[in-house]
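Mapping to the UniProt record's numbering: the sequence shown position 160 is 160, numbers consecutive. Beta carbons are placed, not taken as given, at the ideal position from N, Cα and C, and that holds for glycine.
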Amino acid sequence: MTTPDYWAPTDPLGEALHQMRMNGAFYSRSELTAPWGMTMPAMPGHIWFHIVTSGPAWLQPEDGTPRPLLPGELALVPHGRGHRILGAPGVPAPNVMDLEREAVSDRYELIRYGGGGDPTTLICGAVRFDHPAARKLVEALPETIHVEVGGSPQQEWMHSTLRLMAVEAQQLRPGGEEVITRLGDILVIQAIRAWIETDRAARTGWLGALHDEQIGRAISLIHKQPDRDWSVASLAAESAMSRSAFADRFTKVVGEPVMQYLTTWRMNLALDALRSEHATAAQLARRLGYRSEAAFARAFKRVVGLPPGAVKRGTAPTTS
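Rendered as C-alpha cells:
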C-alpha cells in the first residue's frame with residue numbers, strides 16, 4: 001500500500017516542483033586566478049549550475065555570446081549542454097575533467113587553477129531529476145537561466161543563501177561539503193521557480209498548460225491517478241468541458257493528444273520503476289491500469305522502442 005504524501009501540493013505546477021528531488025553527479029568549489037577558463041562537458045539529462053562567490057566570471061553557452069556573472073549571482077544550464085566558464089572572454093578553457101582536482105568526498109571536489117592573477121571563487125555542480133514530472137518541467141526551461149543580484153524582494157532570501165554558501169566555501173569545516181551541496185540543490189529549484197514566476201515563456205507549452213485551469217486539472221489527474229481507466233470523455237467531464245472541445249484544446253495547448261500524453265506518462269513512470277525498483281511487467285501492468293501484462297508490454301515497446309525486460313538490463317532511453 002502506498003503511503004499518501006500529505007505535503008504534496010494540489011496544483012500540477014506545484015506537483016512538478018515538489019517532485020524535483022535531485023541526484024547530484026558532480027559538485028566542486030573552484031579557486032581560480034586570472035587568466036583562467038574551464039569547459040564544462042555535455043552531460044545529457046543533467047542541469048549544470050554555477051554560483052560566483054567572489055571575483056569576476058563569464059558564462060559562454062556552446063554556441064553563444066559570453067555573459068558576465070557577478071559575485072552572488074547564479075546561472076543554470078538546464079539541458080546538460082556543454083559550455084564554458086571564463087575569467088574573461090577569449091581565454092583558453094580546458095575541460096574541467098582534465099584539471100587537477102582534490103576529492104573532498106565521493107561527489108565534491110576542490111579545483112585550484114589559473115595563471116596567478118586576480119582571484120575568482122566558484123561553486124559548480126551537475127544534478128539530475130528522475131521523476132517524470134520534474135523531467136517534463138526541465139524540458140520546458142530555456143538554454144540558460146540567470147538569477148541577477150538585484151532581483152525581486154521574494155528573491156532576497158535566495159541571495160542570503162548565496163552569501164551563506166560563500167561563507168561555507170571560504171573555509172571548508174567538517175560537513176561543509178554536505179552543506180554546500182544541499183544549498184546548491186535548493187538554489188537550483190528556487191532559480192527555476194523565479195524563472196517560472198517572472199518569464200513570459202513560462203506561460204507557453206507544457207508549462208502554460210499547467211497554468212490552464214481546465215487542462216491543468218486534467219494533467220494533474222493523469223499524474224496522480226495513472227491507473228484509472230481514463231478516456232477522452234471522462235477527462236473532459238472532470239474538466240467541465242465537452243469531449244470535442246476538451247480534446248481540441250488539450251492538443252493545442254499541450255502539443256499532443258490527451259490519450260497519447262496519458263500513455264507516454266505511464267511509460268515514463270514504468271521506466272523509473274523498472275530502473276529504480278526492479279519492478280516486474282506484471283506489477284506495472286496492475287499499477288498503471290492495464291488489463292494484462294501483454295497489453296502493458298505492447299504499449300511500452302511502442303513508446304520506448306524496447307521491451308520492459310531490456311530496460312531492466314539498462315539499455316533503454318528516456319522517453320520524452
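Only counting runs of 3 or more residues, tell me where the beta strand (DSSP E) segments fall wholly within the segment 39 to 94, in order along the chain. Runs found: 46 to 54, 57 to 61, 67 to 69, 74 to 77, 83 to 86.
Tell me which residue opens and which closes the alpha helix (DSSP H) that R266 is part of. Counting from 1 along the sequence shown, the entry for residue 266 is found at position 266. Taken as a continuous stretch (DSSP letters only), the alpha helix (DSSP H) holding R266 covers 258 to 276.
V104 in three-state terms, based on DSSP = Locating residue 104 in the sequence shown gives position 104, where the first residue counts as 1. Reduced to three states, the DSSP call for V104 is coil.
Across the segment 136 to 147 and the segment 194 to 213, are there enough close Cβ pairs to call them in contact, namely three or more that are closer than 8 angstroms? yes
*asked:* Which residues does DSSP list as the beta-bridge partners of S28?
replied: As a first step, residue 28 must be located in the sequence shown, where it is residue number 28. DSSP, once it has assigned bridges, lists E109, C124 as partnering S28.
- Task: Using 10 angstroms around the beta-carbon of E109, count the other beta-carbons present and answer buried if the total reaches 16, otherwise exposed.
- Result: As a working mapping, residue 109 is identified with position 109 in the sequence shown. E109 should be labelled buried.
#### Entry: Coarse secondary structure for H223, derived from DSSP in three states
The residue given as residue 223 occupies position 223 in the sequence shown. Helix, per DSSP.
Short check: CB of G184 to CB of Y290, under 9 angstroms?
-> As a working mapping, residue 184 is identified with position 184 in the sequence shown. As a working mapping, residue 290 is identified with position 290 in the sequence shown. Cβ distance not < 9 angstroms, so G184 and Y290 don't count as in contact.
Taking Cβ positions, are G82 and M38 nearer each other than 9 angstroms?
Start at 1 with the first residue of the sequence shown, and residue 82 comes out as number 82. Start at 1 with the first residue of the sequence shown, and residue 38 comes out as number 38. Result no, Cβ atoms of G82 and M38 do not sit closer than 9 angstroms.
- Just curious, the alpha helix (DSSP H) that V96 is in, first and last residue? Locating residue 96 in the sequence shown gives position 96, counting from the first residue. From DSSP, V96 is part of no alpha helix (DSSP H); its letter is neither H nor E.
*Under a three-way DSSP split, which group does A8 fall into?*
Taking the first residue of the sequence shown as position 1, residue 8 is located at position 8. The predicted model places A8 with a pLDDT of 48, which falls under 50 and marks its position as unreliable, so this point remains unresolved.
Tell me the residue span of the alpha helix (DSSP H) that contains H211. For the purposes of this step, residue 211 is taken as residue 211 along the sequence shown, with counting starting at 1. Per DSSP, H211 belongs to the alpha helix (DSSP H) from 205 to 211.
Residues sharing a beta bridge with G114, DSSP: Within the sequence shown, numbered from 1, the residue matching residue 114 stands at position 114. In the DSSP output, where bridge partners are listed per residue, G114 has T33.
Compute the Euclidean distance between the alpha carbons of L187 and H50, then round it to the nearest angstrom.
Counting from 1 along the sequence shown, the entry for residue 187 is found at position 187. Counting from 1 along the sequence shown, the entry for residue 50 is found at position 50. Taking the straight line joining both Cα atoms gives about 10 angstroms.
Short Cβ contact (9 angstroms threshold) for T33 with P78:
On the sequence shown, residue 33 is found 33 positions in, with the first residue counted as 1. On the sequence shown, residue 78 is found 78 positions in, with the first residue counted as 1. Against a cut-off of 9 angstroms, the Cβ pair of P78 and T33 comes out as no contact.
Best match in A270, T181, I192, A282 for proximity to L17 [C-alpha to C-alpha]: Residue numbering aside, residue 17 sits at position 17 when the sequence shown is read from its first letter. Ranking A270, T181, I192, A282 by Cα distance to L17 puts I192 first.
Might you give, ordered along the chain, the residues of its own chain that have their beta carbon closer than 7 angstroms to the beta carbon of D212, omitting 5 neighbours on each side? Translated into positions along the sequence shown, residue 212 becomes position 212. Once the five neighbours on either side are set aside, the close Cβ partners of D212 are V253.
Problem set entry | For A202 and L76, the rounded distance between their alpha carbons | Position 76 of the sequence shown, counting from 1, holds the residue named residue 76. Position 202 of the sequence shown, counting from 1, holds the residue named residue 202. Between L76 and A202, the C-alpha separation is close to 16 angstroms.
Practice prompt. Count the other CB atoms, across all protein chains shown, that sit within 10 Å of the CB of M97; report buried if there are 16 or more and exposed otherwise.
Written response: As a position in the sequence shown, residue 97 is number 97, starting the count at 1. The residue is exposed, with fewer than 16 neighbouring Cβ atoms inside 10 Å.
Range of the contiguous alpha helix (DSSP H) that encloses P174:
Residue mapping note: residue 174 aligns to position 174 of the sequence shown, counting from 1. Where P174 is concerned, there is no enclosing alpha helix (DSSP H), given that its DSSP letter is neither H nor E.
In this structure, does DSSP put P119 in helix, strand or coil?
Along the sequence shown, one-based indexing puts residue 119 at 119. Strand at P119.
| task | In the DSSP assignment, find the unbroken alpha helix (DSSP H) run with A299 in it and report its ends. | result | Here the question's residue 299 lines up with position 299 in the sequence shown. For A299, the enclosing alpha helix (DSSP H) stretches over residues 293 to 304.
| query | The beta strand (DSSP E) with H146 in it runs from where to where? | reply | In the sequence shown, counting from the first residue as 1, residue 146 sits at position 146. Looking at the DSSP string, the run of the beta strand (DSSP E) that includes H146 is 145 to 147.
* Using a Cβ-Cβ cut-off of 7 angstroms (strictly less than) and excluding sequence neighbours within five positions of N95, which residues of its own chain qualify? -> Reading the sequence shown from its first residue, position 95 is the one you call residue 95. T39, P41, listed in sequence order.
Q | Local Cβ density within 10 Å of Y6, reported as buried at 16 or more and exposed below that | A | Working through the sequence shown from its first residue, we reach residue 6 at position 6. With a pLDDT of 40 at Y6, under the threshold of 50, the predicted position of this residue should be treated as unreliable, and no value is reported.
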